[in-house]
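One point on numbering: in this note's numbering, the residue at position 55 of the sequence shown is 77, and numbering is uninterrupted.
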Amino acid sequence: MNRKGAILGSVTALTLLVSGVVVASSLSDLPQDAQPAQSPTADLNRQPTPAPALTPPPPERPVPQEPAPEAEPAPARPIAITPPAPVIIVAEEPEKNDDEDSEEAEAPVAASTEPAPPPGRRQRRRVAIVEAVDKITAERMRFEVEVGGRPVRFQKTLIFTARACEVSASDEVVQDSIAYLEVDIQPRGVLQPSGPRQIFRGWMFASAPAVNALEHPIYDAWVVGCRA
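Right, here's the structure in full:
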């Protein structure tokens, strides 16, 4: 019985020893927490800095002193100071003649009686120059439309009719060409009982096409100028 107990105790001790070795090896394989590294200059910074040697201040030089100027004695009685009298300069007005007064009085009357020049008239032209573009195919064309003449078709769809074309007068600030156009849409080769449909009517300005432009998802058109 004692022999079995001794064997059992030795086996138990051996088992505990082996398990302790396994636990120690497993703990050694786990990562450890990072620690801040010691800087090699930290020890140097901790060393006490020797105090600088004291330099004796230079000896002070005596400041030269100038003697005070001798002042004159004050008078026994105060002296009265009289300011000079101001000088007044009177500007002389030039004499006017009676003839000059009469001419100045008659000048505004003469200016008011002159009639204003009549405003200039715009000159009418016979042909309107129009430029149109297809925004899908990027086809662009500049063509002429006769005022009061036959309509002009663009891309077999748009029909342009010119009612008037004028150029600005000589006294106007902006020199421009203005045309009154009517634009209809009617695809060729398609039977439509209602006829063409008008999509624009009004004045177009060559200097500012965006003022009164043709609004259409496919086509853009504007006036370029007028020709006799």
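Even for Gly, the Cβ is constructed at its ideal location relative to N, Cα and C.
**OP:** Note down, in chain order, each residue of its chain lying with its Cβ closer than 7 Å to the Cβ of Val-189, except the 5 sequence neighbours on either side.
**Re:** Arg-144, Gln-145, Arg-147, Ser-199, Cys-248
Original post:
Would you call the segment 156-176 and the segment 233-247 touching, i.e. three or more CB-CB distances under 8 Å?
Top reply: yes
Subject >> Through-space distance from Glu-136 to Ala-184, alpha-carbon basis >> reply: 41 Å
**OP:** Check the C-beta distance from Val-246 over to Cys-187 and give it rounded, since I have them as a contact under 8 Å.
**Re:** Val-246 to Cys-187, Cβ: 11 Å. No contact.
Original post:
My guess is that Met-226 and Ala-201 are in contact by the Cβ rule of under 8 Å, so how many angstroms apart are they, rounded?
Top reply: 5 Å
**OP:** Give a yes or no on whether the minimum CB-CB distance between Ser-192 and chain C is below 8 Å.
**Re:** Any reference to chain C falls outside this structure, which holds one protein chain only.
**OP:** Determine the direct distance from the alpha carbon of Ser-32 to that of Arg-25, and round the result to whole angstroms.
**Re:** 11 Å
Original post:
Ser-229: which of Val-195, Gly-142, Ile-110, Ala-107 sits nearest, CA to CA?
Top reply: Val-195
Original post:
Using DSSP with H/G/I as helix, E/B as strand and the rest coil, what is Ala-28?
Top reply: helix
Original post:
Buried or exposed: which applies to Leu-203, given that a residue is buried once 16 or more other Cβ atoms fall within 10 Å of its Cβ?
Top reply: buried
**OP:** Put Ala-35 into one of helix, strand or coil per three-state DSSP.
**Re:** helix
Subject >> Distance between Thr-34 and Ala-56 (C-alpha atoms, nearest Å) >> reply: Interpretation of Ala-56 is limited by its pLDDT of 44, a score under 50 that renders its predicted location unreliable; the figure taken from the coordinates is listed afterwards. Rounded to the nearest angstrom, the two C-alpha atoms are 38 Å apart.
Subject >> Pick from Gln-208, Val-233, Glu-168 that is closest to Lys-178, judged by C-alpha positions >> reply: Gln-208
Original post:
According to DSSP, is Gln-208 helix, strand or coil?
Top reply: coil
Original post:
What is the rounded straight-line gap between the Cα of Ser-192 and the Cα of Ala-138?
Top reply: 16 Å
Original post:
Val-169 and Phe-182: beta carbons closer than 8 Å?
Top reply: no
Original post:
Going by other Cβ atoms of all chains shown within 10 Å of its Cβ, with 16 needed for buried, is Leu-39 buried or exposed?
Top reply: exposed
Original post:
From the DSSP output, which residues share a beta bridge with Gly-224?
Top reply: Leu-203
Subject >> Delimiting residues of the beta strand (DSSP E) encompassing Arg-83 >> reply: Where Arg-83 is concerned, there is no enclosing beta strand (DSSP E), given that its DSSP letter is neither H nor E.
Original post:
Under a Cβ-count criterion, where at least 16 other Cβ atoms within 10 Å of its own Cβ denotes burial, should Leu-180 be classed as buried or exposed?
Top reply: buried
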